[in-house]
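Okay, so here's the structure we're looking at.
Number of protein chains: 2
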Amino acid sequence: MASKRTTVRDLRRHNRSLLLSKLYFDGPLSRHELSQLTGLSAATVSNVTAELGEERLITEAGQVESDGGRPRVLLRVDPAYGHVAGVDIGETGVKVELFDLAMNRLATVEHPLPKAPDPATAVEQVTSGLREVFASAGIDDSAVLGVGIGVPGTVEQGARVLVHAPTVGWDAVPLVSLLRDAGVRLPLFVDNGAKTQGQAEMWFGAGRGARHAVIALIGSGVGAAVVTDGTTYRGSTSSAGEWGHTTIAYGGNDCRCGARGCLEAYIGAGGVLARYRRVRGKDVPGEDEQAQFAALLEAAPRSKTAARVLDETAGYLGAGIANLINLFNPERIVIGGWAGLALGELLLPRIREVAGEHALRHPFSQTSIQLGSLGLDAVATGAATLPVADLLDQGATSRIVKPGAPDSDAA
Amino acid sequence: MASKRTTVRDLRRHNRSLLLSKLYFDGPLSRHELSQLTGLSAATVSNVTAELGEERLITEAGQVESDGGRPRVLLRVDPAYGHVAGVDIGETGVKVELFDLAMNRLATVEHPLPKAPDPATAVEQVTSGLREVFASAGIDDSAVLGVGIGVPGTVEQGARVLVHAPTVGWDAVPLVSLLRDAGVRLPLFVDNGAKTQGQAEMWFGAGRGARHAVIALIGSGVGAAVVTDGTTYRGSTSSAGEWGHTTIAYGGNDCRCGARGCLEAYIGAGGVLARYRRVRGKDVPGEDEQAQFAALLEAAPRSKTAARVLDETAGYLGAGIANLINLFNPERIVIGGWAGLALGELLLPRIREVAGEHALRHPFSQTSIQLGSLGLDAVATGAATLPVADLLDQGATSRIVKPGAPDSDAA
DNA sequence: GGACTTAGTTCACCACTTAATACATAGCCA
DNA sequence: TGGCTATGTATTAAGTGGTGAACTAAGTCC
């Protein structure tokens, strides 16, 4: 079934997008290389790049001499063309970061949030955070292409963007409208934090180069970003990828979602610690979940119980990953999130082993399982890629048509 | 990241495809309606439909008078344009069916297969089956657009199409090459049987109209066809959707795949019967699995043990479906397969209930769960849609360029 | 039979891509 | 120094495709 919509100058947009994306991701390239890589004719490449150059989207980046012949002029996306902001609305605070187009970090601001913050407070923190990073980088609104926002819940994209985040008590919060009311006029892109972090791994981390991948995120909660053919899988109402609330042990432990036997109840930090606590018979030392989790990992080499809990965790995690492999048949699985990275550091071989036992042979043999490479807080970075992705997808045409950058909300 | 490939007269192909698909799926339509539905200008519609008409792909199908005004001429795809064959290579036999372009069944042939048939026998049965249906319908090779083949295993698409089907002992069988060697010159499309059956449900059954759906197939084995945005999800090596070997009860029952706790071990016919047998303490009457399964269902109203086994099955199935909902966020779940239909008939409300308990509220509320409507053996029908889908996707252009229809193997 | 309506077609025009060709640059060789 | 060639870039001409506007076709209603 052919996808809807006509096509007229979509051609030009598509080719602009193609060239722009190539330049963005594959560094400086000459027109000739672009022509070879994209299959477009040299004429078209010349034509389009000239246009992009006039619009200051791309600039020349030196030459490279050839053995006899006109030297090729390298082109690249101009990092100074515009800026993007990434916002991470987490369960404990709001982080706002400012980047140039090449995703160099220019400024960062963090604001704490109360437990279960009401949307108004979060919005307040976001708007002030944005003001601050713009001020600290000496940048004007007009130089900002857009703001990406990662939230700790599912996002219903549509005419009204609605955020459902049970862990912070948000139900159908119209985040974009609230931000508009608070005076934010920039293009906004809202997405689930797990998905933005996944996108960051895909663009700059362990997912680079893969077309089909699953980024598993394990922290207090457990989620996954599924990338198919280069784009994030969303499903019909963009709440796909809720791996954490997948049943892995039918009739098993209670999960905070209300169901039983969810993967999150076994491999989420809380679930792991609960098991440890039970086996141990007493509380785990440490201020918060992260400290306690660290204590568990640290205890493993000498404590049989700690080792056993971790081994069990590797088992559940391996089986959960096998499920992802069987269902999605990705070429790569990336384990991220603070708990995931910590577990992986210690248990990756065992996790791989268990996954191999539970997954079907053929898809398993096509998949590599590795750790995320972007550290713990790529949510904001990933969020900031949303406006960039939009720019690349649109071939940077919307900006020309309407330089005022009006209400383009959807991601 | 913009999808690769250039675009030149892809425009025309895309619009041909768009119009052709609309006509194919949404019955006879006037040019005017087509213009409205697709967003193409009236001029383009006229132009393209004239072309399609000349090529005999579409014909006029009567008029519909209007209150004052020129009557609109209805257009439709000409069923006689060409024929397609669908082949179901199952674990016990080969079924070959012949259809016209509108998927009216013209002939059917079935050949038994020995247990674990070697590929050569299967190929032999397929080729003779094809000869027979062509003969019985009095049709020449040249009138056949292509042959779709559903196989009981995963299919590795690529330059060489390889079939991995452990249940019949096939490992990396180059089915297309074998058929070519056996003298089949028609375009061939090979896919997993669960996927072809899923496609049949999407086109003509309970999946009609949905853009995101999962067709769950429950028989001896358990599989699923995941449809995203109208196309079957394949993953990186097209073995996605192996729902049956997803772990649902960590450390639980042994599965024939070698792992433990697979969904198939609980809701596949064999697994259900094994549980029944265990609870009952003696064998279940019946010749084969299907008869035994029927006996179980039939016993349920009076036997507590049978009822309990079925209720448990509904539980596992509901949880398994919840996993699909959480991961894929479809708008529809269709339960098919002989065991699935039988179970659903009896237990659908309970299955829905359990799924609701295990799935997250929001995605669950967006999903309807229903039974397949195509009976038990839609594999061949679905396989036959593969060449049709290709025709529609290509806008029927490949045929014009090279009327000889050479070696286009991939689906 | 004339006014009005709706459906479908024709045509001039514009946008886009490509192939062919012209132009530019640098090293090599005489 | 002046060709010559290899390489890379720009430009032009030709072809294709989509669209809007004018136009034709085929009806109804008064």
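Just so you know, the protein sequences line up as chains A and B, in that order. Each residue of the first sequence is one higher than the last, beginning at 1 in the numbering used here. Each residue of the second sequence is one higher than the last, beginning at 1001 in the numbering used here. Just so you know, even glycine gets a beta-carbon here, dropped at the ideal spot from N, CA and C. Predicted, not measured: the structure shown is a model, and the values here were computed from it.
Cα-Cα separation between residue i and residue j, rounded to whole angstroms
i                : j                : result
F1328 of chain B : A213 of chain A  : 15 angstroms
T92 of chain A   : P112 of chain A  : 6 angstroms
R1031 of chain B : R1072 of chain B : 8 angstroms
V309 of chain A  : R278 of chain A  : 10 angstroms
R1332 of chain B : E242 of chain A  : 17 angstroms
T1237 of chain B : D1171 of chain B : 15 angstroms
G1404 of chain B : A1240 of chain B : Unreliable positioning characterises G1404 of chain B in this predicted model, as indicated by a pLDDT of 32, which lies under 50. A coordinate reading is not provided.
D1393 of chain B : G1207 of chain B : 19 angstroms
A1342 of chain B : I1218 of chain B : 10 angstroms
L1297 of chain B : A1306 of chain B : 7 angstroms
A1339 of chain B : E1054 of chain B : 47 angstroms
G1230 of chain B : A1143 of chain B : 28 angstroms
G1129 of chain B : K1095 of chain B : 8 angstroms
L11 of chain A   : S46 of chain A   : 16 angstroms
G209 of chain A  : M202 of chain A  : 8 angstroms
P1301 of chain B : L324 of chain A  : 38 angstroms
I1215 of chain B : Q1197 of chain B : 8 angstroms
V1184 of chain B : A1159 of chain B : 17 angstroms
P1406 of chain B : D1181 of chain B : A caution first: P1406 of chain B carries a pLDDT of 36, below 50, which makes its placement in the model too unreliable to give a value.
R1056 of chain B : T1038 of chain B : 21 angstroms
L1018 of chain B : V123 of chain A  : 43 angstroms
A1102 of chain B : A1061 of chain B : 14 angstroms
G1395 of chain B : L1040 of chain B : 15 angstroms
G1315 of chain B : G1336 of chain B : 17 angstroms
L1074 of chain B : D1067 of chain B : 16 angstroms
G1382 of chain B : A1107 of chain B : 15 angstroms
D409 of chain A  : A1378 of chain B : Any reading at D409 of chain A needs caution, since the residue's pLDDT is 38, under 50, leaving its predicted position unreliable; the model's value is listed next. When rounded, the distance between both Cα atoms is 43 angstroms.
T167 of chain A  : K195 of chain A  : 17 angstroms
R131 of chain A  : G82 of chain A   : 16 angstroms
Bounding residues of the beta strand (DSSP E) (the contiguous stretch that carries residue i)
i                : result
K1095 of chain B : 1093-1100
A172 of chain A  : 170-173
I1333 of chain B : 1332-1336
L145 of chain A  : 144-151
E1132 of chain B : E1132 of chain B -> not in any beta strand (DSSP E); alpha helix (DSSP H) instead, spanning 1119-1137.
G1223 of chain B : 1222-1228
V155 of chain A  : 154-156
Assumed close pair residue i, residue j - CB separation to whole angstroms, cut-off 8 angstroms
i                : j                : result
A1015 of chain B : T1059 of chain B : In the sequence on display, residue 1015 of chain B carries Asn and not Ala. Not really, about 19 angstroms apart at Cβ, beyond 8 angstroms.
D390 of chain A  : F134 of chain A  : Not a contact, Cβ separation roughly 20 angstroms.
V1126 of chain B : I1089 of chain B : 7 angstroms
A1116 of chain B : D1100 of chain B : With 8 angstroms as the limit, A1116 of chain B and D1100 of chain B do not qualify as a contact, their Cβ atoms being about 35 angstroms apart.
P152 of chain A  : G193 of chain A  : 5 angstroms
Opening and closing residue of the alpha helix (DSSP H) in which residue i lies
i                : result
H164 of chain A  : That residue, H164 of chain A, is in no alpha helix (DSSP H); its beta strand (DSSP E) goes 162-165.
A1307 of chain B : 1304-1328
G1053 of chain B : 1042-1054
Q1370 of chain B : That residue, Q1370 of chain B, is in no alpha helix (DSSP H); its beta strand (DSSP E) goes 1368-1371.
I1215 of chain B : Counting along the chain, I1215 of chain B falls outside any alpha helix (DSSP H), though it belongs to the beta strand (DSSP E) covering 1213-1218.
A294 of chain A  : 289-299
R1277 of chain B : 1269-1280
P1363 of chain B : 1361-1365
L15 of chain A   : The sequence given here has Asn at residue 15 of chain A, not Leu. 10-25 is the extent of the alpha helix (DSSP H) around N15 of chain A.
T1237 of chain B : Taken as a continuous stretch (DSSP letters only), T1237 of chain B belongs to no alpha helix (DSSP H), as it is neither H nor E.
R1070 of chain B : Counting along the chain, R1070 of chain B falls outside any alpha helix (DSSP H), and DSSP gives it neither H nor E.
L1034 of chain B : 1031-1038
Residue(s) in a DSSP beta bridge with residue i
i                : result
P1112 of chain B : B:G1093
E60 of chain A   : A:L75
D393 of chain A  : Answer by DSSP bridge pairing: none, since D393 of chain A is not bridged.
F189 of chain A  : A:G148
T1247 of chain B : B:C1262
A1085 of chain B : B:L1098, B:V1147
A1107 of chain B : B:L1098
D1377 of chain B : Per DSSP, none; premise fails for D1377 of chain B.
Please confirm if the region 264-281 of chain A is in contact with the region 221-230 of chain A, defined as three or more CB-CB distances below 8 angstroms between the two stretches. With a cut-off of 8 angstroms, the region 221-230 of chain A and the region 264-281 of chain A count as touching, because enough Cβ pairs lie within range.
Please confirm if the region 369-377 of chain A is in contact with the region 1246-1260 of chain B, defined as three or more CB-CB distances below 8 angstroms between the two stretches. At 8 angstroms Cβ cutoff, the stretches do not touch.
Are the region 1176-1190 of chain B and the region 1351-1369 of chain B touching, with three or more C-beta to C-beta distances below 8 angstroms? Here the region 1176-1190 of chain B does not lie against the region 1351-1369 of chain B, with fewer than 3 beta-carbon pairs under 8 angstroms apart.
Quick check: the region 1376-1388 of chain B against the region 1146-1155 of chain B, are there 3 or more CB pairs under 8 angstroms? Yes: at least three Cβ pairs fall under 8 angstroms.
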